[in-house]
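S.K.:
Numbering (my numbering), first residue to last: 390 to 574.
1. Let me know the beta strand (DSSP E) ranges lying completely inside the region 446-515, each 3 residues or longer, listed in chain order.
2. Looking only at C-alpha atoms, which of 460, 514, 537 sits nearest to residue 415?
3. Got a sec, what are the start and stop residues for the beta strand (DSSP E) residue 416 sits in?
4. By alpha-carbon positions, which one of 489, 495, 482, 545 ends up nearest to residue 506?
5. Answer with buried or exposed for residue 442, where buried requires no fewer than 16 other C-beta atoms within 10 angstroms of its C-beta.
6. Keeping to the same chain, check which residues put their C-beta closer than 7 Å to that of residue 514; ignore five residues upstream and five downstream.
7. Looking only at DSSP bridge pairs, what is residue 392 linked to?
8. Mind reading off the beta-carbon distance from residue 425 to residue 419? Whole number of angstroms is fine, and I expect it under 8 Å.
9. Have a look at residue 556 and residue 490 and give me their C-alpha separation to the nearest angstrom.
10. Run through DSSP, which three-state label would residue 561 get?
11. Here's the rule: buried if 16 or more other CB atoms are within 10 angstroms of the residue's CB, otherwise exposed. What is residue 440?
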């Protein structure tokens, strides 16, 4: 099971998440949201990273052409379409050699995100011929239940914040310690 730390919007937090073993770092390219970053801000954060964690670009309304501009500029590893994706969207991005994650309820991508905090998708986790990603409300208090469902990726964001949109390194460290304890047992 892998860990995705999402909503990354500051360099010190990103570097610590990578140091603690996050497999994926999620960067939200949705203007006007509390965790949003611009491509320029993401590029600045990337300069302080080792490159060990894969970089996930989270997009909501953008079409593939606009997404590809950001992907190419930043050399993202994964595109997450946080909406009900169409077959055309997924195919266009996969044709560029990208791993594509989609929101459950739309066309499945290489990964399917089951996000209990997102009202537009299916939220009940299920296995399939894709990478299963579990998100939405996962915290240190309920991570054992999340792990028990058997996802390929645990996606955590809001529970790592001191206030909405402001990531906390102490909360990150505590969550990772709890998750690592479950991985060893």
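Glycine included, C-beta positions come from ideal geometry on N, C-alpha and C.
M.R.: According to the structure data:
1. Entirely contained in the region 446-515, the beta strand (DSSP E) runs reaching 3 residues are, in chain order, 467-470, 488-492, 500-504.
2. 460
3. 413-417
4. Looking from the CA of residue 506, the closest CA among 489, 495, 482, 545 belongs to 545.
5. buried
6. Sequence-distant partners of residue 514 (beyond 5 residues in either direction) whose C-beta falls short of 7 Å from its own C-beta, in its chain, are 503, 521, 523, 538, 540.
7. 543
8. 5 Å
9. 23 Å
10. helix
11. exposed
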